[in-house]
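Peer 1: Can you keep this structure in mind? I'll have questions shortly.
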Amino acid sequence: MRTKNIILNLAVICLIIAGCKKKEKQATLPVEKAQVALNISGMTCEIGCAKTIQSKLSKKEGVLDAKVVFADSIATIEFDANKTSEKDLIAFVNGIAGGDMYKASINKKEAHSCTEKCEKECDNKSATKMECKKDCKMACCADKKS
1 MRTKNIILNL AVICLIIAGC KKKEKQATLP VEKAQVALNI SGMTCEIGCA
51 KTIQSKLSKK EGVLDAKVVF ADSIATIEFD ANKTSEKDLI AFVNGIAGGD
101 MYKASINKKE AHSCTEKCEK ECDNKSATKM ECKKDCKMAC CADKKS
């Protein structure tokens, strides 16, 4: 009986010692935001292609935000440069659907994208569409004034 108590006490002490080790903190790098616009060829439809690419990009590690505009064949991606790179993103898009459908390349000219505030003020999507004011200085209106 006494031997059982000694063995049990030693086992409890070993568990306590093993369980109290300090965990090493992993070095967490701050998010280094970067943005890239990619030309994507091979998209044939908005729902099946553009939304699929956008969904898969959004789920990729290091991607903070992804928007794919089917009409322009452009994907605008905001990502953490500490976790992924432009080359990784291009290879990822090229690999979607077996790697035979889509081809991505860096776009020198970024796609036009409005913020929610800009869309509300400039493009009323209801039955009465409003025009931008002549002196509007918002980014979304700059394209329309030419």
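According to the UniProt record's numbering, the sequence shown is numbered sequentially starting from 1. Cβ atoms here follow ideal geometry from the backbone N, Cα and C, with glycine treated the same way. Note that the coordinates shown come from a computational prediction; the quantities given were computed from them, not determined experimentally.
Assuming F92 is part of the beta strand (DSSP E), what are its boundary residues?
Peer 2: Run containing F92: none in the beta strand (DSSP E); it sits in the alpha helix (DSSP H), E86 to G95.
Peer 1: Quick check: the region 40-53 against the region 85-92, are at least 3 beta-carbon pairs closer than 8 Å?
Peer 2: The region 85-92 vs the region 40-53: no contact.
Peer 1: So who's on the other strand from L38, going by DSSP bridges?
Peer 2: In DSSP, L38 forms a bridge with A75 and I106.
Peer 1: Between S55, L15 and K83, which has its C-alpha nearest T76's C-alpha?
Peer 2: When only C-alpha atoms are compared, the closest one is S55.
Peer 1: Quick check: the Cα distance between V63 and P30, rounded to an integer number of angstroms?
Peer 2: Roughly 14 Å between the two C-alpha positions.
Peer 1: When you compare only the Cα positions, how much space is there between S58 and A18?
Peer 2: When rounded, the distance between both Cα atoms is 40 Å.
Peer 1: Check the DSSP bridge columns for D80 and list the partner residues they point to.
Peer 2: Per DSSP, K33.
Peer 1: What's the gap between the Cα of A34 and the Cα of S85?
Peer 2: Near 9 Å, if we compare the C-alpha coordinates of S85 and A34.
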